[in-house]
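Enquirer: Got a structure here, written out as structure tokens. Questions coming.
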Amino acid sequence: MKPLLRNLATVAALATTGLLLVADSAQRCEHGALNVAFDVSGNTCGTNGTFRVLSDEDSCEITTQGAEALGFPAFGNSTQDSLNIPEGEWSLHDRNHTVHLGPDGGVVRADAGSTTTVAANRHCENTLEGETLRLTCIDRRSDLSGDEVARCEATLTPR
């Protein structure tokens with residue numbers, strides 16, 4: 060009976076340690092509530108315009124306003140243990156993105172007529188270039204191949 064109790068105690072201790080490790084490994088981003096507006100220019104993902112990147116206090120997740128019209132995903136997260144939106148410490152993701160391809164295989168607008176649609180994942184990352192950010196989005200097939208289908212960019216200038 061003693062070995063059984065000892066084994067149960069060992070299993071309980073290991074399970075508790077595992078839960079603590081998982082809880083402790085969660086990403087933390089210490090900051091106040093954030094709301095940064097950007098002017099978007101040179102946008103090959105969609106139209107030029109304005110959009111906002113927002114994050115609740117101490118959250119590593121971000122949401123956006125106005126991203127859909129610009130061709131950007133609406134959600135993302137921090138790429139660091141902090142979150143400095145104007146410095147580009149964030150990325151955007153869309154796992155349900157549709158790419159429209161013309162007869163020549165190039166990306167075209169959805170209303171371009173005869174197109175082939177491809178289910179894709181869109182991932183966008185920032186590069187700081189002086190006072191602006193270069194947002195680069197890559198579309199990859201949703202199938203197991205993960206092949207790159209399209210790429211687009213935009214310049215983001217904080218307001």
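Just so you know, the working numbering puts 104 at position 45 of the sequence shown, and the rest follows in order with no gaps. Heads up, the beta-carbon is just placed ideally off N, CA and C, and yes, glycines get one too.
Going by Cα to Cα distance, which pick from L142, R199, G125 is closest to G105?
Expert: If we check each option's Cα against that of G105, G125 comes out closest.
Enquirer: Tell whether a beta-carbon distance below 7 Å holds between E184 and T195.
Expert: In this structure, T195 lies closer than 7 Å to E184 by Cβ.
Enquirer: From this set, A179, S100, T123, which residue's C-alpha is nearest D202's C-alpha?
Expert: The option with the nearest alpha carbon to D202 is A179.
Enquirer: In three-state DSSP terms, what is L129?
Expert: If DSSP states are grouped into helix, strand and coil, L129 belongs with the helices.
Enquirer: Give the single residue among R218, V167, D198 whose Cα lies nearest to the Cα of L151.
Expert: Nearest of R218, V167, D198 to L151, Cα basis: D198.
Enquirer: Sort G205, A92, E212 by Cα distance to R154 and report the nearest one.
Expert: When each option's Cα is compared against that of R154, the closest is G205.
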